[in-house]
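Notes follow the structure.
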Amino acid sequence: MSLRGKRQELIEVFGRIPLYLHTLLLLIPIGWMVVTSMKSLQDLYTNPMGLPTQWHVGNFIKAVQVGRLQIYFKNTLIVEVLTLSCTLLVASFVAFVLSRFRFRGREFLYLFFTAGYMISLHSVLIPLYEIARSLNAFNNLAFLSLVYSAFEIPFSVLVLTNFMSQVPKEIEESAIIDGCGYWGVFTKVVMPLSRDGILAVATLVALHAWNELLLALVMLNNPSSRTLPVGLRGFFAEHLSQPTLLFAAALVVSIPIMALYALLQERFVQGITLGALKG
Amino acid sequence: MKGAVITLVFGFLAFLLVGWNGICAQEKLVIRIMDYFVPTDTLAPHFEEVFRKFEVDFPNVRVQHEGLESADFRTKLAVEMAAGNPPDISYVVVGLSWEYGEQGLLMNLAPVFEQEREWRDTIVPTAIKAFSTPDGKIYAVPFVAQIGGLYYNKNVYERAGIAGPPTTWDELLEQVEKIKKVGAYAFVTGGKEWRYAWFITQLLVRTAGVDRVYQLARGSEVTGWNKPENGFIDALYLFKELIDAGAFPEGLNGIPRDIARMMFVQNQVAMYYEGSWKVNVWKNLGGEDFLNNSVGWSLFPAVPKAKGDQDGMVGGPVHGWGISAKLDETKKPLVIELVKRITSPVMAARFLENAQPVVVKVDESVMARLHPILLRQFEEYNKAQKVALPTDVICVPPVDNAIKKIAVPGIVDGSLTPEEAAEEVNREAEKYFSAKQ
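Sequences listed follow chains A and B, in order. Per my numbering, residue 1 is the first one in the first sequence, and the count goes up by one each step. Per my numbering, residue 1 is the first one in the second sequence, and the count goes up by one each step.
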């Protein structure tokens, strides 16, 4: 190898060092979480950064049992699926109409759908509670999902309208000449071409629904209806928290998400990047 | 085809929304109880035992226990009360019970106690008195009491060459210097969760006296927090003196309570001012040996230059079970029966064993099993001439929040002078009480 080639290789190797360090930095909290999840409470409090004096693998079982994680996980998944379906269904229809058709009142409709983005959850919490009460909708995961969707639709319409308006008019016209109706244009042309945008929106909606605490706390009274964010806070007792069990629980519930991310990593990144550019 | 798909999708959503509750409708009567005994709390299994037994005795009833993290509990309770839909049973502090009782959300239990003499006699009379309003209404069944005091770490004291806990303010300041020299902190608390109320109340007892604390919280001086003669400014000055002396760690407002506890257990902190529940915390976090050999407890030092009660304590009956005023006649007796069971002497014994002093009379044999620190607390409490309830228990919520979330954090980070901090509290008090009129 020439001197120039060797130099180039060295630069590349050294160039990667900051990346390795950065990766290590990101892995430290995860590693600490793994170690902590297998400590006893006293071990954590007397030696927070060190290795456990005794490895308590049973913390995972205890966390699942005491924390009722399987129930919370199932509930969160139901909310996630319903919120995603409802948001994407409504937002994509609305975005399709707003981006592909020119009609009177279009601007107003666009503002109407996106204005909801400015409403803060806290300002409507009590009215929402009253609505849930009058509909007898406490503990109803479908109702919670609809409320989540109502908060997610404005943002989703905003992003998807931008995405769909990028699809060239000519493709749509060709599809119509080939015999497609508007439904066909929507399902066979615009939706597939907006796939990355939909994925970006889906990622963000899913994240919000997964992490939401306040509404879930207020709307779900029955402990068996709780979602993960509310359920995990059950490890914080007033007089004695259980951080080791909390870490164990957090690890258990993050495994499926990490697996999903690993599977769809490329698409997630692509979607978010495109979303950033186009949005 | 597309029409069918859309109909199906919307039909499915409509089914989920409307049909769910109908299909899963409980034929049983649900009694909802909300508190902060989360599933991992050491007391949670005892509650579950009572509830399951109740369901066996009353097969048409299902008890829905909602144990939430304390901040979440307060948020949810506030929302439900604001919406006029209180839980059937809720765990409330004295001040809140009066607040919600006056709003017609909690039941006045005075007539119930008149009828249920046997039940009433299981509760310490002074606790019933403490929960009563001036016009004799009782909006919660008194249950848990707390006794504030100074926990000190004997290991740090030994390192710093200190013989024992301080008895005067000047002695305390001297100890702060000695403790700092050995690389430890004199005090810590969970600033992130604004756990300042007990400490500030104790200082207020020293500067203003127990009677004045009540006058400021509920009496004739409710809008007098900014008046120098009421002692609140002096209490904030004392706190500032400790901050300026470096008694607390830097960034106190951001320290979570769990980290604060950890610092005490790890011998990084010499003193911790809070209630009786800490006995159990030290045992669980540091182990039995740590509690028995390394933790001491004493009264807060006197401040001779101040004009309040120098031997006054902070504590008393703080928590009770409020019953919704919106219950129908079918549910009411069942709910009262359930509250009787969760305030029974057996349940009270479980609380005591977990370092939660109760105001229900329990068997002497239970008392004999308690940790010496708890017994010492009871002894001092019984001896004390004057005891004030902490501001987070007795003040109206906006004033309580202003004290612990604005005034004291402002003193900690230096953004407020004691006068300005007192003014902030008074502003909230004026806003609240003028709106009430």
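Positions of the beta carbon are idealized from the N, C-alpha and C atoms, including for glycine.
Give me, in chain order, the residues of the same chain whose beta-carbon lies closer than 6 Å to that of residue i; leave out the 5 immediate sequence neighbours on both sides.
i, result
"alanine 421(B)", "Leu236, Ala407, Gly410 and Ile411"
"histidine 441(B)", "Here chain B covers residues 1 to 437 and nothing more, so residue 441(B) does not appear."
"tryptophan 169(B)", "Pro301 and Val303"
"leucine 251(A)", "Ser37"
"glycine 286(B)", "Val265"
"phenylalanine 248(B)", "Phe187"
Can you pull the chain A neighbours of residue i, defined as C-beta to C-beta under 7 Å?
i, result
"threonine 40(B)", "Val66, Gly234, Phe235, Ala237, Gln242 and Leu245"
"methionine 262(B)", "Tyr45 and Pro48"
"glutamine 385(B)", "Near glutamine 385(B) there are no residues of chain A at all, since even the closest Cβ is about 29 Å away, more than 7 Å."
"aspartate 258(B)", "Ser241 and Pro243"
"tryptophan 277(B)", "His239"
"tyrosine 473(B)", "There is simply no residue 473(B) to check, as chain B begins at 1 and stops at 437 in what is shown."
Below 9 Å on C-beta distance, what does residue i contact in chain A?
i, result
"glycine 286(B)", "Gln42, Tyr45 and Thr46"
"valine 281(B)", "His239 and Leu240"
"alanine 429(B)", "Here the premise fails: no neighbours, minimum Cβ distance about 24 Å."
"valine 265(B)", "Gln42, Tyr45 and Thr46"
"tyrosine 100(B)", "Within chain A, no residue comes near tyrosine 100(B); the closest Cβ sits about 16 Å away, beyond 9 Å."
For a contact defined as C-beta to C-beta under 8 Å, what are the partners of residue i on chain B?
i, result
"leucine 217(A)", "Leu68, Asp72, Thr75 and Lys76"
"leucine 125(A)", "Val79"
Could you round the C-beta distance between residue i and residue j to whole angstroms and report it? I think they count as a contact, below 8 Å.
i, j, result
"tyrosine 152(B)", "proline 165(B)", "5 Å"
"leucine 217(A)", "leucine 121(A)", "12 Å between Cβ atoms; not a contact."
"lysine 240(B)", "proline 390(B)", "Rounded, the Cβ-Cβ distance is 20 Å, inconsistent with contact."
"alanine 302(B)", "aspartate 234(B)", "The Cβ separation is near 14 Å, so there is no contact."
"valine 393(B)", "alanine 145(B)", "Their Cβ separation, rounded to whole angstroms, is 11 Å, which puts valine 393(B) and alanine 145(B) out of contact at 8 Å."
"valine 314(B)", "threonine 201(B)", "5 Å"
"proline 48(A)", "methionine 262(B)", "7 Å"
Return the chain-ordered list of same chain residues with a C-beta closer than 7 Å to the C-beta of residue i, the five sequence neighbours on each side being excluded.
i, result
"asparagine 278(B)", "Note that residue 278(B) is lysine in the sequence shown, not asparagine. Excluding sequence neighbours, lysine 278(B) sits near Tyr151 and Tyr272."
"asparagine 230(B)", "Ala208, Arg212, Leu216, Glu221 and Gly224"
"alanine 435(B)", "none"
"phenylalanine 281(A)", "Look at the range of chain A in this structure, 1 to 279, and you will see that residue 281(A) is not part of it."
"glycine 279(A)", "Only weak support exists for where glycine 279(A) lies, its pLDDT of 41 falling under 50; the value from the coordinates is given anyway. Around glycine 279(A): Val159 and Asn162."
"glutamate 136(B)", "Correcting the residue identity first, residue 136(B) is glycine in this sequence and not glutamate. Excluding residues within five positions, the ones whose Cβ falls inside 7 Å are Ala110."
"aspartate 167(B)", "Here residue 167(B) turns out to be threonine, not aspartate, going by the sequence shown. Pro301 and Ala302, listed in sequence order."
"glycine 161(B)", "Lys178"
"glycine 234(A)", "Gly67"
"valine 366(B)", "Ala349 and Leu352"
"valine 147(A)", "Leu128 and Leu215"
"glycine 184(A)", "Ala175"
"alanine 137(A)", "Phe143"
"glutamate 364(B)", "none"
Give the interface partners of residue i over in chain B, defined as CB-CB distance under 9 Å, in chain order.
i, result
"arginine 16(A)", "Chain B residues near arginine 16(A): none, gap ~36 Å exceeds 9 Å."
Against residue i, what residues of chain A qualify as contacts under a CB-to-CB distance less than 8 Å, listed in chain order?
i, result
"arginine 32(B)", "Asn221"
"glutamine 64(B)", "Asn221, Asn222 and Pro223"
"alanine 83(B)", "Ile126, Tyr129, Glu130 and Arg133"
Does the beta carbon of residue i sit closer than 9 Å to a beta carbon anywhere in chain D?
i, result
"leucine 27(A)", "You won't find chain D in this structure, because its protein chains are A and B."
So is the beta-carbon of residue i under 8 Å away from any non-hydrogen atom of the ligand ADP?
i, result
"leucine 27(A)", "For the structure depicted, the ligand ADP is absent and the ligand set is empty, with no information on it obtainable."
Among residues of its own chain, excluding the 5 on either side of residue i, which ones have a beta-carbon nearer than 8 Å to its beta-carbon?
i, result
"arginine 102(A)", "none"
"glutamine 70(A)", "Val64"
"leucine 84(A)", "Ala202, Val205, Ala206 and Ala209"
"glycine 254(B)", "Gly191 and Lys192"
"glutamine 103(B)", "Met81"
**Message:** I want to know whether the region 147-163 of chain A touches the region 198-205 of chain A - three or more CB-CB distances under 8 Å.
**Reply:** The answer is yes - the region 198-205 of chain A touches the region 147-163 of chain A, with three or more Cβ pairs under 8 Å.
**Asked** Can you list, in chain order, the stretches of the alpha helix (DSSP H) that have 4 or more residues and sit fully within the region 64-145 of chain B?
**Response** Within the region 64-145 of chain B, the complete alpha helix (DSSP H) runs of at least 4 residues are 70-82, 94-102, 110-115, 117-120 and 125-131.
**Whole runs of the beta strand (DSSP E) within the region 245-277 of chain B, excluding any shorter than 3 residues** = The qualifying runs are 269-274.
**Message:** If contact is defined by three or more beta carbon pairs under 8 Å, each pair taking one atom from either stretch, is the region 140-153 of chain A in contact with the region 108-118 of chain A?
**Reply:** These segments touch.
**Request:** Tell me, please, whether the region 353-368 of chain B touches the region 122-140 of chain B by the rule of three or more beta-carbon pairs shorter than 8 Å.
**Result:** The region 353-368 of chain B vs the region 122-140 of chain B: in contact.
**Request:** Starting from the N-terminal side, write out each stretch of the alpha helix (DSSP H) that is 4 residues or longer and does not extend beyond the region 166-217 of chain B.
**Result:** Counting whole runs of 4 or more residues, the region 166-217 of chain B contains the alpha helix (DSSP H) stretches 169-181, 197-207 and 210-217.
**Message:** Taking 8 Å as the cut-off, does the region 101-117 of chain B touch the region 128-142 of chain B (at least 3 CB pairs, one atom from each stretch)?
**Reply:** These segments touch.
**Request:** Run through the region 42-126 of chain A for me and flag every whole beta strand (DSSP E) of 3 or more residues, listed as ranges in chain order.
**Result:** Qualifying beta strand (DSSP E) stretches: none in this window.
**Request:** Inspect the CB distances between the region 126-134 of chain A and the region 62-80 of chain A and report whether three or more fall short of 8 Å.
**Result:** No, they do not touch.
**Message:** Below 8 Å, how does it come out for the region 15-26 of chain A and the region 255-262 of chain B: are there three or more Cβ pairs, yes or no?
**Reply:** Output reads no: the region 255-262 of chain B does not touch the region 15-26 of chain A.
**Request:** For the region 192-203 of chain B and the region 172-180 of chain B, state whether three or more C-beta atom pairs, one from each stretch, are separated by less than 8 Å.
**Result:** Contact between the region 192-203 of chain B and the region 172-180 of chain B is absent: fewer than three C-beta pairs spanning the two stretches fall below 8 Å.
**Message:** Within 8 Å, do at least three Cβ pairs link the region 315-325 of chain B to the region 86-94 of chain B?
**Reply:** Yes: at least three Cβ pairs fall under 8 Å.
**Prompt:** Do three or more CB pairs link the region 62-69 of chain B to the region 220-236 of chain A at distances below 8 Å?
**Reply:** The region 62-69 of chain B is in contact with the region 220-236 of chain A.
**Request:** Determine contact between the region 333-352 of chain B and the region 37-56 of chain B, defined as no fewer than three beta-carbon pairs at a distance below 8 Å.
**Result:** Using a Cβ-Cβ distance cut-off of 8 Å, the region 333-352 of chain B and the region 37-56 of chain B are in contact, since at least three pairs of beta carbons, one from each stretch, lie closer than that value.
**Request:** Report yes or no: do the region 68-78 of chain B and the region 225-244 of chain A share at least 3 C-beta pairs separated by less than 8 Å?
**Result:** The region 68-78 of chain B, when compared against the region 225-244 of chain A, does touch it at the 8 Å Cβ threshold.
**Asked** Taking only runs of the alpha helix (DSSP H) that begin and end inside the region 314-360 of chain B, which ones reach a length of at least 4 residues, in chain order?
**Response** List check, alpha helix (DSSP H) in window: 331-342 and 345-353.
**Request:** Identify every run of the alpha helix (DSSP H) within the region 355-431 of chain B, keeping only runs that are complete inside it and at least 4 residues long; order them along the chain.
**Result:** Runs found: 364-368, 372-383, 391-394, 397-401 and 408-413.
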